[in-house]
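Numbering (this note's numbering), first residue to last: 3 to 88.
Glycine included, C-beta positions come from ideal geometry on N, C-alpha and C.
Quick caveat: nothing in here was measured; it's all calculated off a predicted structure.
This report concerns only the one structure given below.
Below you can see the structure in the form of structure tokens.
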């Protein structure tokens with residue numbers, strides 16, 4: 003995860019956004035692994051709805067687990083003095 007992504011998510015959380023979602027196709031294994039590592043959890047899947055290079059993939063939605071995200075940021079020192087203002 004690049005620092006700017008962590009800063010952006012922190013900004014959203016600091017400004018009242020309580021739920022953060024993202025979406026990706028099921029064949030993008032590296033990004034899925036990264037998202038799960040930083041705290042995103044699969045919350046919805048639509049089978050065979052995304053075509054990439056002629057092959058059908060699932061469309062997957064993820065929701066951020068804020069507690070896991072905060073711990074990842076602290077553990078990896080991505081943002082110093084990380085604190086969500088709530």
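Query, Result
"Using 10 angstroms around the beta-carbon of residue 56, count the other beta-carbons present and answer buried if the total reaches 16, otherwise exposed.", "exposed"
"Classify residue 15: buried if its beta carbon has 16 or more other beta carbons within 10 angstroms, exposed otherwise.", "buried"
"Using the Cβ count rule (16 or more neighbours within 10 Å means buried), how would you classify residue 92?", "Beyond the ends of the chain as shown, which are 3 and 88, falls residue 92; an answer cannot be given."
"Determine the extent of the beta strand (DSSP E) in which residue 50 is found, giving its start and end residues.", "42-54"
"So for residue 62, helix, strand or coil by DSSP?", "strand"
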